[in-house]
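A.B. asks: First the structure, which I've put down as structure tokens, then a few questions once you've had a look.
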Amino acid sequence: MPEGTGAEILAPENWTDEELVDTFLARLSTDRREAHLCFETIIARYHWLINHIVRSTHFRFPAWDSQEDVISRVVFKVYRGLAQWRREGKLSSFIARIATSELIDTYRRVGRDKSWTPRPAADPDSDMPTAVDLAPSRELSPEAAALRAQQTALIEQLLDDVCRDWKDSVVVNEYIIGERNAKELSEKYEMTEDLIYQRARRLKVRLMKWLNERGITSADALLTGGSKKI
Amino acid sequence: MAMTTQHPDEKLLDYIGGHLDEENRRAVEAHISACRDCAQTVNVVSHLRETKPQPSTAHPDVSQLAEFFYSKSPGDQSTAAHVALCQSCADAISEYARAESAACRYEPSFVKKASVSDKAWQMIREWEESDYARPRPENRERSQTMLVKLAEVLSRSKEELEQLSHQVRISGGFKHEDTVSVIIVDKLARLRGVAIFEKTTTHEGESLLKPLEETGRFDNKPFHVLLDFGEDNLVMVSDVIRHDTIRLQRITRANTSLRRVNFFIVEE
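Same order as they appear, the protein sequences are chains A and B.
Counting from 1, one number per residue, gives the positions in the first sequence under this note's numbering.
Counting from 231, one number per residue, gives the positions in the second sequence under this note's numbering.
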């Protein structure tokens, strides 16, 4: 780790990320000005990446919580979290994780705010029934609700057991159940189409094994608890 | 009934969705009539598509989603089932995938113009003045500890490493040109062996290391480069191996030259 005078600290552009972060952490409690210089260098290196992640998101944000605001919060959280950077991964991955988590957090917070809606507001003077008025009741009878809960629990158990990681989960969600094609998934999740087919094949094998082990031979049997071997 | 043809895995889903032409539809139906596994798959998947079950659990919080995406082991499986059934969480995962892909490709360059915004500095100052602003340098210590341990491996096992490297090269018939020896250690930095990697340079001048036998054995494993600039000036650069490939960063030091480089992979 570089040690020494302020003159060295003023030119840390050639340091490795590890050296910058180590020096930043070391100086935080002794010389905050130098720590801030290191931090500015880190942000100068990675600002493009943060900017790219925030601005190319598929989420939409309202004017009162703009992408600039999100970027500022990402930068703050990088500052706050640098000590948690595990050196097994690149700093760019660590920063990308913080930026994406902040994006998702913001999107969820914005979604909970009822004053903001991505759709245009309805005419308040109109006598026409709204979409909410026209929507059928989704409430199930107690018996149907209990049966639905039982079925969902079994399906979740099945998915818990056959999905090994996020790639399996999104292949089940979008490709197997959701009927999207491999090309769309490949673009959305940055996976190759071959990988998607490979994952789907493996999922099918695990699904069959899971069903056979429980003596389940059809969807009806799956949704009514199989042959009670579970 | 005995199965007579290979499982039509990709076509099976198209069949369920009704996207096959007459000829392929008949072929798949002929297969299904003889193959119990594929018939079961069609039955279960068709039902899932019709009913579109929703997850019973609340959305995982952002840290759980991030952990699920970045984790190398299955970990919390309830998140796996939730993401398999929840479109908004699958969309959130796609944001992580997109960002991670950009991060892996990203070549950092120093941009003078890019600066920390006033708003970010304001948040930083407010946080620093608050009671809970405590620097936590645990990972820095972990990094330093690993550097010391790897340096110890080099000094302690020098002869053993040379012999191992020689044996691996002889037995595999590998030539010295364009290959490097990578030292395999466990998490406690105990020597496990040596692997030979091929060194290549891309058109953009980027240096890559790839194992001569691409088995996926080293995928997602931590990788460390120990650079010796002399006079106890050791620098460690760390990364994770992605798709059997290691991207090497170019590290230079003013007024000093690189004496030796050693590569390490940490296996569980």
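Glycine is no exception: its CB is placed at the ideal position from the N, C-alpha and C atoms.
For the putative contact between B:Leu315 and A:Asn173, defined by C-beta atoms under 8 Å, what is the C-beta separation to the nearest angstrom?
C.D. replies: Correct: roughly 7 Å between the Cβ atoms.
A.B. asks: Can you confirm whether A:Ala153, when its beta carbon is compared against all beta carbons of chain B, has any partner nearer than 8 Å?
C.D. replies: So yes, A:Ala153 belongs to the interface.
A.B. asks: Ends of the alpha helix (DSSP H) at A:Met208?
C.D. replies: Glu193 to Glu213 is the span of the alpha helix (DSSP H), which, as asked, contains A:Met208.
A.B. asks: Mind pulling the chain B residues with CB within less than 8 Å of A:Ala200?
C.D. replies: Simply Asp239, Glu240 and Leu243.
A.B. asks: Can you list the residues of chain C that A:Glu156 reaches, using a CB-CB cut of under 9 Å?
C.D. replies: Given the protein chain composition of this structure (A and B), no chain C is represented.
A.B. asks: Report yes or no: do the stretch 327 to 342 of chain B and the stretch 172 to 192 of chain A share at least 3 C-beta pairs separated by less than 8 Å?
C.D. replies: Verdict: yes, contact present.
A.B. asks: What residues in the stretch 317 to 340 of chain B have a beta carbon less than 8 Å from any beta carbon of chain A?
C.D. replies: If the cut-off is 8 Å between Cβ atoms, the stretch 317 to 340 of chain B has Gln317, Ala320, Asp321, Ala322, Ile323, Ser324, Glu325, Tyr326, Ala327, Arg328, Ala329, Glu330, Ser331, Ala332, Ala333, Cys334, Tyr336, Pro338, Ser339 and Phe340 near chain A.
A.B. asks: Looking at B:Phe459 and B:Ile495, is the spacing between their C-beta atoms short of 8 Å?
C.D. replies: Against a cut-off of 8 Å, the Cβ pair of B:Phe459 and B:Ile495 comes out as no contact.
A.B. asks: Identify the continuous alpha helix (DSSP H) that holds B:Arg355 and give its terminal residues.
C.D. replies: Element bounds for B:Arg355: Asp348 to Glu359.
A.B. asks: Flag A:Leu159 as yes if its beta-carbon sits less than 8 Å from any beta-carbon of chain B, otherwise no.
C.D. replies: Yes, A:Leu159 lies at the interface with chain B (some Cβ there is under 8 Å from its Cβ).
A.B. asks: How should A:Arg109 be labelled, buried or exposed, when 16 other C-beta atoms within 10 angstroms of its C-beta is the threshold for buried?
C.D. replies: It is exposed - the Cβ of A:Arg109 has fewer than 16 other Cβ atoms within 10 Å.
A.B. asks: Return the bridge partner residues of B:Ile495 from the DSSP annotation.
C.D. replies: For B:Ile495, which the question treats as bridged, DSSP gives the partners B:Ile414 and B:Phe453.
A.B. asks: Cβ closer than 8 Å: which chain A residues qualify as neighbours of B:Thr271?
C.D. replies: Near B:Thr271 (Cβ distances below 8 Å), the residues of chain A are Lys204, Leu207 and Met208.
A.B. asks: Starting from the C-beta of A:Ser301, find all residues in its chain whose C-beta is less than 8 Å away, skip the five residues before and the five after it, and write them out in chain order.
C.D. replies: Because chain A spans 1 through 230 in this model, residue 301 of chain A falls outside it and cannot be assessed.
A.B. asks: For a contact meaning CB atoms closer than 9 Å, what does B:Ala257 contact in chain A?
C.D. replies: Under the 9 Å cutoff, chain A gives no residues; its nearest Cβ is about 18 Å from B:Ala257.
A.B. asks: Would you mind stating whether A:Thr106 and A:Phe76 have Cβ atoms separated by less than 8 Å?
C.D. replies: Result no, Cβ atoms of A:Thr106 and A:Phe76 do not sit closer than 8 Å.
A.B. asks: Does B:Leu278 have its Cβ less than 8 Å from a Cβ in chain A?
C.D. replies: Answer yes: the Cβ-Cβ gap between B:Leu278 and chain A drops below 8 Å somewhere.
A.B. asks: Using Cβ-Cβ distances below 8 Å, what residues of the stretch 57 to 86 of chain A are close to chain B?
C.D. replies: Going along the stretch 57 to 86 of chain A in chain order, one finds Thr57, His58, Phe59, Glu68, Asp69, Ile71, Ser72, Arg73, Val75, Phe76, Tyr79, Arg80, Ala83, Gln84, Trp85 and Arg86 with a Cβ nearer than 8 Å to chain B.
A.B. asks: Mapping DSSP to helix, strand and coil, what is A:Gly111?
C.D. replies: It is helical.
A.B. asks: Using a Cβ-Cβ cut-off of 8 Å, state whether B:Leu295 counts as contacting chain A.
C.D. replies: Judged by the 8 Å Cβ criterion, B:Leu295 is in contact with chain A.
A.B. asks: From this set, A:Gln198, A:Ala26, A:Cys163 and A:Ala145, which residue's C-alpha is nearest A:Ala83's C-alpha?
C.D. replies: Looking at the Cα atoms, A:Ala26 is the closest of the given residues.
A.B. asks: Does any C-beta atom of chain A lie closer than 8 Å to the C-beta of B:Ala437?
C.D. replies: In the sequence as presented, Ala is not what sits at residue 437 of chain B; that position holds Ser. No, because no Cβ of chain A sits closer than 8 Å to the Cβ of B:Ser437.
A.B. asks: Which stretch, first to last residue, makes up the beta strand (DSSP E) that contains B:Leu438?
C.D. replies: Its beta strand (DSSP E) spans residues Ser437 to Pro441.
A.B. asks: In or out: B:His249 buried (at least 16 other Cβ within 10 Å) or exposed?
C.D. replies: When all chains shown are included, B:His249 counts as exposed.
A.B. asks: What's the call for B:Asp417, buried or exposed, on a 16-neighbour Cβ count within 10 Å?
C.D. replies: It is worth fixing the name first, because residue 417 of chain B is Lys in this sequence and not Asp. Exposed, since its Cβ has fewer than 16 Cβ neighbours within 10 Å.
A.B. asks: Output the distance between the C-alpha atoms of B:Val228 and A:Ile104, rounded to the nearest integer angstrom.
C.D. replies: Residue coverage of chain B in this structure runs from 231 to 498, which leaves residue 228 of chain B outside it and unanswerable.
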